[in-house]
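Data first, discussion second: the structure below is written as structure tokens.
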Amino acid sequence: MCLAIPARIVELDQDKAVVDAMGNRWKAKTTLLPEVKLGDIVLVHAGFAICLVDEEEAKKTWELFAEIEDYENTQNKISG
Amino acid sequence: MLDRIDRARKTIEEACESIGRQITVMEVCGTHTVSIFRSGIRSLLPERLKLLSGPGCPVCVTDQGYIDAVMQLADRDDCLIATYGDMIRVPGSDGSLETRAVRGNVRVVLSSEDALQLACENPDKAVVFIAVGFETTTPATAVVVKEAAAQGIQNFFVLSGHKLVLPAMRALLGGMNDRIDAFLCPGHVSVIIGSGAFAEIVANYGRPCVVAGFEPVQIVEALAEICRQLAAGKAELKSLYGAVVTEKGNLAAQRIIEECFDPVDGYWRGLGKIAKSTLALKEQYRRFDAFQRFGVEDGPGRENPGCRCGEVLCGLIEPIECPLFASRCTPQTPIGPCMVSSEGTCSAWFKYGRRR
Ligand code: SF4
Numbered sequence: 001m002c003l004a005i006p007a008r009i010v011e012l013d014q015d016k017a018v019v020d021a022m023g024n025r026w027k028a029k030t031t032l033l034p035e036v037k038l039g040d041i042v043l044v045h046a047g048f049a050i051c052l053v054d055e056e057e058a059k060k061t062w063e064l065f066a067e068i069e070d071y072e073n074t075q076n077k078i079s080g
Numbered sequence: 081m082l083d084r085i086d087r088a089r090k091t092i093e094e095a096c097e098s099i100g101r102q103i104t105v106m107e108v109c110g111t112h113t114v115s116i117f118r119s120g121i122r123s124l125l126p127e128r129l130k131l132l133s134g135p136g137c138p139v140c141v142t143d144q145g146y147i148d149a150v151m152q153l154a155d156r157d158d159c160l161i162a163t164y165g166d167m168i169r170v171p172g173s174d175g176s177l178e179t180r181a182v183r184g185n186v187r188v189v190l191s192s193e194d195a196l197q198l199a200c201e202n203p204d205k206a207v208v209f210i211a212v213g214f215e216t217t218t219p220a221t222a223v224v225v226k227e228a229a230a231q232g233i234q235n236f237f238v239l240s241g242h243k244l245v246l247p248a249m250r251a252l253l254g255g256m257n258d259r260i261d262a263f264l265c266p267g268h269v270s271v272i273i274g275s276g277a278f279a280e281i282v283a284n285y286g287r288p289c290v291v292a293g294f295e296p297v298q299i300v301e302a303l304a305e306i307c308r309q310l311a312a313g314k315a316e317l318k319s320l321y322g323a324v325v326t327e328k329g330n331l332a333a334q335r336i337i338e339e340c341f342d343p344v345d346g347y348w349r350g351l352g353k354i355a356k357s358t359l360a361l362k363e364q365y366r367r368f369d370a371f372q373r374f375g376v377e378d379g380p381g382r383e384n385p386g387c388r389c390g391e392v393l394c395g396l397i398e399p400i401e402c403p404l405f406a407s408r409c410t411p412q413t414p415i416g417p418c419m420v421s422s423e424g425t426c427s428a429w430f431k432y433g434r435r436r
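Protein chains in written order, with our numbering: chain A, 1 to 80; chain B, 81 to 436.
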């Protein structure tokens, strides 16, 4: 449940965003991070952006997720 | 990266040597538990350094009384249950949500927004959002409660089992587990509450608190920092997760939690009743409170017979000390939540323990 994924904001309309991580896109809200802009990378947890992250940090996490996915062959685990 | 690990390992070994007794570090985040097991960190550590998993998995710490309240609501024809996927297989005293899903009134949602959406799409049902989780998930619930209020939605309800991390740490140190020498503090909870929140644990209990992310290197470095402090007879607050965590945390998230919830005394699996540890909806949002609306209660529940999750969550036993572990209780046939949740300690031991 503590799983949070860094993702880039690729669409933004008020507090409604579409985010992208490693080519996966989904909807997220930015209500808790009012200052975000298009193109920012945010940590998304249970459908909400909770903080900004920089590119380098995001890359590390994406790589980690890719490894995990390899290892576990994707469990159904995106819950919140 | 390897030299970072080597350096950290060396610090850990030297510190453990000079301390000369067993050191126990508790992690209070389920994602840390999984990361530690998966990466094989345990096999790098000296015998003297023991890692314990604490009450860090939100599904696991949710009391049986709450789970049974969920089942009662799932048995009602007028309710539609909206839940995060992790809760689906948690066994109540009588079956799980999974066993009830055949009736068609249990839906898995990925966010609180989806739950509210479900209410809009099903005006003839009372949609009950099973709101569990620590400070990371709570603001998401608060946002939709405010939205529901603003939009005047009548058929949306929240069964709040949201919990606060600090009261549990205090309860452990206040007598439940006196073996804990230091805490590896959770990364994402700290994003919300800020690393500074752990200062009181350091000040009042004299235990080092180190915030870390989920990268294995960073976890090993956090352990090195903890060992270094213990060897020097110090207790300090440190954050290694500066890329993401700030000292004050996410103020907007903290504000919205405060706007919607009051801390009340609440029940935890294993830890029992802890003062001001659970979040209940504030007076002005009471009409969204599923406990009140449906007259169910979050009381101390009866554990499933034989399951020792409670002791596992307090770090008093390791899963292999439970007689049901890997015999009657497996991820396919879980008896307690610690085996159900992907972040549960029993599940981590089952999946990765043998790679030690
Ligand atoms: S192994 Fe199963 S029965 Fe034993 S404590 Fe863990 S979840 Fe409970």
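Glycine included, each C-beta is placed from N, C-alpha and C at the ideal position.
Exercise. Quickly, what does DSSP pair Glu327 (chain B) with across the bridge? List them, please.
Key: By DSSP's assignment, Glu327 (chain B) forms no beta bridge with any residue.
Quiz prompt | Nearest-angstrom Cα separation, counted from Ala199 (chain B) out to Gln231 (chain B) | solution = C-alpha separation (whole angstroms): 12 Å.
Quiz item: Is it the case that the CB of Phe371 (chain B) approaches a heavy atom of the ligand SF4 more closely than 6 Å?
Solution: If you check the C-beta of Phe371 (chain B) against the ligand SF4, you find no heavy atom less than 6 Å away.
Quiz prompt | Pairwise C-alpha distance: Val105 (chain B) and Leu124 (chain B) | solution = One C-alpha to the other measures close to 15 Å.
Quiz item: Hey, does Arg435 (chain B) have any beta-carbon neighbour from chain A nearer than 7 Å?
Solution: Per-residue confidence for Arg435 (chain B) stands at a pLDDT of 46, beneath the threshold of 50, marking its modelled position as unreliable; the derived number appears in the next sentence. So, not an interface residue.
Quiz item: So Thr410 (chain B) packs on Phe430 (chain B), CB below 8 Å; how close in whole Å?
Solution: Going by Cβ atoms, the distance from Thr410 (chain B) to Phe430 (chain B) rounds to 6 Å, so yes, they are a contact pair.
Quiz prompt | Residue interval of the alpha helix (DSSP H) (run including Ile400 (chain B)) | solution = In the DSSP assignment, Ile400 (chain B) falls outside any alpha helix (DSSP H) and carries neither an H nor an E.
Self-check item: Neighbour flag for Leu38 (chain A) against chain B, beta carbons, 7 Å
Solution: False, the Cβ-Cβ gap to chain B never drops below 7 Å.
Practice problem: Name the two residues that bound the continuous beta strand (DSSP E) containing Ala360 (chain B). | Solution: Taken as a continuous stretch (DSSP letters only), the beta strand (DSSP E) holding Ala360 (chain B) covers 352-361.
Quiz prompt | Within chain B, partners of Val19 (chain A) - CB distance below 9 Å | solution = Those within 9 Å of Val19 (chain A) in chain B number zero; the least Cβ separation is about 12 Å.
Self-check item: Leu33 (chain A): contacting residues in chain B (beta-carbon distance under 8 Å)
Solution: For a Cβ distance threshold of 8 Å, residue set Asn330, Ala332 of chain B lies close to Leu33 (chain A), ordered along the chain.
Practice problem: Taking only the alpha-carbon atoms, compute the straight-line gap between Gly255 (chain B) and Asn330 (chain B) and give it to the nearest angstrom. | Solution: Taking the straight line from one Cα to the other gives about 31 Å.
Practice problem: Show which residues of chain A have a CB atom less than 8 Å away from the CB atom of Leu244 (chain B). | Solution: Proximity of chain A to Leu244 (chain B) at the Cβ level (cut-off 8 Å) is not reached, the minimal Cβ distance being about 14 Å.
Quiz item: Are the C-beta of Val134 (chain A) and some C-beta of chain B separated by less than 7 Å?
Solution: Lying before the first or after the last residue shown, residue 134 (chain A) is absent from chain A, which here runs from 1 to 80.
Quiz prompt | CB contact check: Ala195 (chain B) to chain A, cutoff 7 Å | solution = By this cut-off, Ala195 (chain B) is not an interface position.
Self-check item: Assigned exposure category for Gln234 (chain B) - 16 Cβ within 10 Å defines buried
Solution: With a threshold of 16 other beta carbon atoms within 10 Å, Gln234 (chain B) falls short and is exposed.
Quiz item: Hey, is Pro138 (chain B) close to the ligand SF4, as in C-beta under 6 Å from one of its heavy atoms?
Solution: Not under cutoff, so the answer is no.
Quiz item: Does the Cβ of Ser275 (chain B) have 16 or more other Cβ atoms within 10 Å, making it buried, or fewer, making it exposed?
Solution: Label assigned to Ser275 (chain B): buried.
Quiz item: Going along the segment 264-285 of chain B in order, which residues come within less than 9 Å of chain A, judged by CB to CB distance?
Solution: Identification of residues in the segment 264-285 of chain B having a C-beta nearer than 9 Å to some C-beta of chain A yields Pro266, Gly267, His268, Val269, Val271, Ile272, given in sequence order.
Quiz item: So, using beta-carbon positions, are Val18 (chain A) and Arg25 (chain A) closer together than 7 Å?
Solution: It is a contact, given that the beta carbons lie within the stated cut-off.
Quiz item: Beta-carbon of Thr216 (chain B) versus every beta-carbon of chain A: anything under 7 Å?
Solution: For Thr216 (chain B), the closest Cβ of chain A is nearer than 7 Å.
Quiz item: Any beta-carbon of chain B closer than 7 Å to the one on Glu57 (chain A)?
Solution: Closer than 7 Å: yes.
Practice problem: Output the residue ranges of the alpha helix (DSSP H) runs that lie fully inside the segment 201-259 of chain B and measure 4 residues or longer, sorted by chain position. | Solution: Runs found: 218-231, 245-251.
Quiz prompt | Three-state secondary structure (DSSP) of Thr91 (chain B) | solution = Under the three-state reduction of DSSP, Thr91 (chain B) is assigned to helix.
Self-check item: Under 8 Å from the C-beta of Ala66 (chain A): neighbouring residues of chain E
Solution: Given the protein chain composition of this structure (A and B), no chain E is represented.
Practice problem: Kindly list the residues whose CB is nearer than 8 Å to the CB of Ile50 (chain A), restricted to its own chain and excluding five residues on each side of it in sequence; keep chain order. | Solution: The answer, listed in chain order, is Ala4, Leu32, Leu33, Val42, Leu43, Val44.
Quiz item: What are the complete alpha helix (DSSP H) segments, minimum 4 residues, inside the segment 259-328 of chain B?
Solution: Runs of the alpha helix (DSSP H) lying entirely within the segment 259-328 of chain B and spanning at least 4 residues, in chain order: 267-273, 279-285, 296-311.
Practice problem: Please name the residues in the segment 40-53 of chain A whose beta-carbon is closer than 7 Å to at least one beta-carbon of chain B, in chain order. | Solution: Near chain B, meaning a CB-to-CB distance below 7 Å, the residues of the segment 40-53 of chain A are Leu43, His45, Ala46, Gly47, Phe48, Ile50, Cys51, Val53.
Self-check item: Of the listed residues B:Gly286, B:Gly386, B:Gly267, B:Ile336, nearest to Glu327 (chain B) (C-alpha basis)
Solution: Of B:Gly286, B:Gly386, B:Gly267, B:Ile336, the residue nearest in Cα terms is B:Gly267.
Quiz item: Are Ala222 (chain B) and Phe209 (chain B) close, meaning C-beta to C-beta below 7 Å?
Solution: In this structure, Ala222 (chain B) keeps its C-beta atom at 7 Å or more from the C-beta atom of Phe209 (chain B).
Practice problem: Sort B:Glu301, B:Gly346, B:Ala315 by Cα distance to Ile92 (chain B) and report the nearest one. | Solution: Of the candidates B:Glu301, B:Gly346, B:Ala315, the one whose C-alpha sits nearest the C-alpha of Ile92 (chain B) is B:Glu301.
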